[in-house]
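When you line the sequence shown up against our numbering, it's residues 88 to 178, in that order. For glycine and all other residues, C-beta sits at the position ideal for the given N, C-alpha and C.
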Amino acid sequence: MAKATIALAGNPNVGKSTVFNALTGSRQHVGNWPGKTVARKEGIFTHHSHEITIVDLPGTYSLSAYSLEEQIARDYLVDEHPRVVVNVVDA
Numbered sequence: 088m089a090k091a092t093i094a095l096a097g098n099p100n101v102g103k104s105t106v107f108n109a110l111t112g113s114r115q116h117v118g119n120w121p122g123k124t125v126a127r128k129e130g131i132f133t134h135h136s137h138e139i140t141i142v143d144l145p146g147t148y149s150l151s152a153y154s155l156e157e158q159i160a161r162d163y164l165v166d167e168h169p170r171v172v173v174n175v176v177d178a
């Protein structure tokens with residue numbers, strides 16, 4: 088089975104967790120306030136013979152890492168090298 092990783096990135100409160108839930112079948116709590124997701128969440132999406140790991144990153148305005156959320160997102164993108172990064176703008 089082929090494997091890949093997709094990271095969901097973007098500003099706070101744009102719907103990253105909603106997209107994550109739709110793709111993975113998870114029920115991560117979503118909220119209409121910044122800082123709702125402060126740790127990355129991972130789930131699996133299977134399409135044909137492809138197992139895709141979906142990673143829901145905390146919302147960030149910058150990759151300069153001024154807050155804990157920005158540091159978590161930046162470190163994941165720099166250190167883990169996901170195959171695809173989807174910039175969620177408004178879900």
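Rounded to the nearest angstrom, the gap between the Cα atoms of Pro99 and Ala109 is 18 Å. Around the beta-carbon of Leu155, fewer than 16 other beta-carbon atoms lie within 10 Å, marking it exposed. In this chain, Ala89 is not harboured by any alpha helix (DSSP H); it is covered by the beta strand (DSSP E) spanning Ala89 to Ala96. Annotation for Val165: the continuous alpha helix (DSSP H) segment containing it runs Leu155 to Glu167. Collapsing the DSSP output to three states places Asn174 in a strand. Scanning the segment 120-146 for uninterrupted beta strand (DSSP E) segments of 3 residues or longer gives 128-134 and 137-143, listed from N- to C-terminal end. Here the alpha carbons of His135 and Gly97 stand approximately 28 Å from one another. The C-alpha of Asn174 lies about 6 Å from the C-alpha of Leu95.
CA-CA distance, Pro169 to Val106, rounds to 17 Å.
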